[in-house]
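Peer 1: Residue numbers 1323 to 1676, in this note's numbering, belong to the letters of the sequence shown in order. Ideal placement from N, C-alpha and C gives every residue a C-beta, glycine not left out. Have a look at the structure that comes next, please.
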Amino acid sequence: MAGRRPQKGGGKMIYNKAPQNSSLGYILFQYDLYPEKIEQFGKVKKVVSRKGTFALKESTMTNEQANWFSHVMRRLEKLNYNKIIPIIPTKYGDLTISHQNKTYYLQPWFSEEAELREDKKELTLFKQLGKLHGLTVKPQEFSKETIENSYQDLIKRWEKRRLEMEYFAEEAERKAYISPFELTYLTHFSRMDMMANVAVNYLKEWRDQCLEKESYRACLCHGKLDRNHIFYHPNGYGYLLNFEKAVLDTPARDLAISFRRSFQYNLWSEDQGSDWLATYEDSLLLEDEEKKLLASYLIYPEIIFHCIDHYRKRDGSITELQFVQVLEKRIITMSRVDHFIHNTLLRKPSDESK
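What follows is the structure, given as structure tokens:
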């Protein structure tokens, strides 16, 4: 990706020059780029030319999605939000190119990424996420139907997932031999099920508070911000990239996605979670009902259920012991989430004096 240092040996030279009658030649012609060398890194091509070195990203965005993506990038530019990897327009002024059912866009290629401590990476990420949300947040025209539909859709999805996990537990209990992974899951199932119910209760509180206030906010959400979508520049700033999934939504959902993605890198502590939230709220203070919504997203044990999905589809590439270790790590994460919600996220100012 643009701004991302490739893994050693991860690049593959595909040819020195792009034939002019090829798809790649057609795309690069839109930028008047004549490559001297091209390397492939996943869906990104590193294009070396006399004009400089660039990253050409291939995506599956539809024309409609590409138009929205272009609108998002231009909007951020107008708002002077400059902590993003810029998109380089074609010689015709377009930010994307659609060709053979694929969408392409060009960015500068950065190779020197700052070496940061683990905790510093997350703080930089949440700082930029807060600035993005704070810059774009707006009250929305109140719609009871929108709130109710959002509530019902999530309740139905969560209940379906909970029943699937209940079925997995019942299936395991009927076996003559219970695997170590299944035994670990059964040991903690009742607590995970309780957390799912707590998530539903927080979601109800969010709905009730929104209906009572007759208001809610939305902002531009990145959609999947984690370390893979931020470039840590040696100048100390973090630059966001990959806005292909950007949407207008509640800040709570985007924040929950980033929290969950950050959980996977290490066994985070409550203090770290508090620092992430405080860093984010330096730019945008969450309202009470948004905190309830964030709590519901975080406490719902989706990361446990996702682990079960992988176990059920196992192909032997991951050992039983490795599955158990992943599950145990996620169970510890959920316990810390529970404490973080009660001790930090939903803690009332009056509680501090008690």
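Consult DSSP for P1408 and reduce its assignment to one of helix, strand or coil.
Peer 2: In the structure shown, P1408 sits in coil (DSSP, three-state: anything other than H, G, I, E or B).
Peer 1: Which of the three DSSP states, helix, strand or coil, is assigned to Q1647?
Peer 2: Three-state result, Q1647: helix.
Peer 1: Suppose you measure from the CA of I1407 to the CA of Y1561; what does that come to, to the nearest Å?
Peer 2: If I take the Cα positions, the gap works out to 6 angstroms.
Peer 1: For the structure I just gave you, are there three or more beta carbon pairs, one from the region 1476 to 1494 and one from the region 1518 to 1533, closer than 8 angstroms?
Peer 2: The region 1476 to 1494 is in contact with the region 1518 to 1533.
Peer 1: DSSP three-state label for F1376, please.
Peer 2: If DSSP states are grouped into helix, strand and coil, F1376 belongs with the strands.
Peer 1: How many Å lie between L1563 and E1435 at the Cα?
Peer 2: The straight-line gap from Cα to Cα measures roughly 14 angstroms.
Peer 1: List the endpoints of the continuous alpha helix (DSSP H) containing T1506.
Peer 2: Residues 1502 to 1535.
Peer 1: Please look up how many angstroms separate the CB atoms of Y1524 and S1657, rounded, as I've assumed it's under 8 angstroms.
Peer 2: Wrong, their Cβ atoms sit about 17 angstroms apart, outside the cutoff.
Peer 1: To the nearest angstrom, report how far apart S1392 and L1508 are at their CA atoms.
Peer 2: Going by the C-alpha atoms only, they are around 48 angstroms apart.
Peer 1: Is it buried or exposed for K1330, if we count other Cβ within 10 angstroms and need 16 for buried?
Peer 2: Any reading at K1330 must be qualified, since the residue scores a pLDDT of 41, below 50, and its modelled position is unreliable; the value itself is stated next. Its Cβ having fewer than 16 others within 10 Å, K1330 is exposed.
Peer 1: Taking all protein chains shown into account, do 16 or more other C-beta atoms lie within 10 angstroms of the C-beta of Q1644, making it buried, or fewer, making it exposed?
Peer 2: Exposed, by the Cβ-count rule.
Peer 1: Which term fits R1496, buried or exposed, when burial requires 16 or more other beta carbons within 10 angstroms of its beta carbon?
Peer 2: Exposed: under 16 other Cβ atoms inside 10 Å.
Peer 1: Measuring CA to CA, which of Q1387, E1493, P1573, E1437 is closest to E1603?
Peer 2: It is P1573.
Peer 1: D1475: buried (16+ other C-beta within 10 angstroms of its C-beta) or exposed?
Peer 2: Classification of D1475: exposed, given that the 10 Å Cβ count is below 16.
Peer 1: Taking just the CA atoms, how far does Y1633 sit from V1659?
Peer 2: Cα to Cα, the separation comes out at about 23 angstroms.
Peer 1: How is the beta strand (DSSP E) around D1571 delimited, first residue to last?
Peer 2: Residues 1569 to 1571.
Peer 1: Which residues in the same chain have their Cβ closer than 6 angstroms to the Cβ of Y1403, if we skip the five residues on either side of it in sequence?
Peer 2: Closer than 6 angstroms at Cβ, skipping near neighbours: L1457.
Peer 1: For a test of the three-state rule: what should DSSP assign to V1394, helix, strand or coil?
Peer 2: Looking at V1394 - three-state DSSP - the assignment turns out to be helix.
Peer 1: Which one or two residues does DSSP pair with E1609 in a beta bridge?
Peer 2: In the DSSP output, where bridge partners are listed per residue, E1609 has none listed.
Peer 1: Where K1466 and E1380 are concerned, what is the direct C-alpha to C-alpha distance, given to the nearest angstrom?
Peer 2: So the alpha carbons of these two residues sit roughly 39 angstroms apart.
Peer 1: Would D1548 and S1580 qualify as a contact pair, given that the criterion is a beta-carbon distance under 8 angstroms?
Peer 2: Their beta carbons are under 8 angstroms apart, which means D1548 touches S1580 by this criterion.
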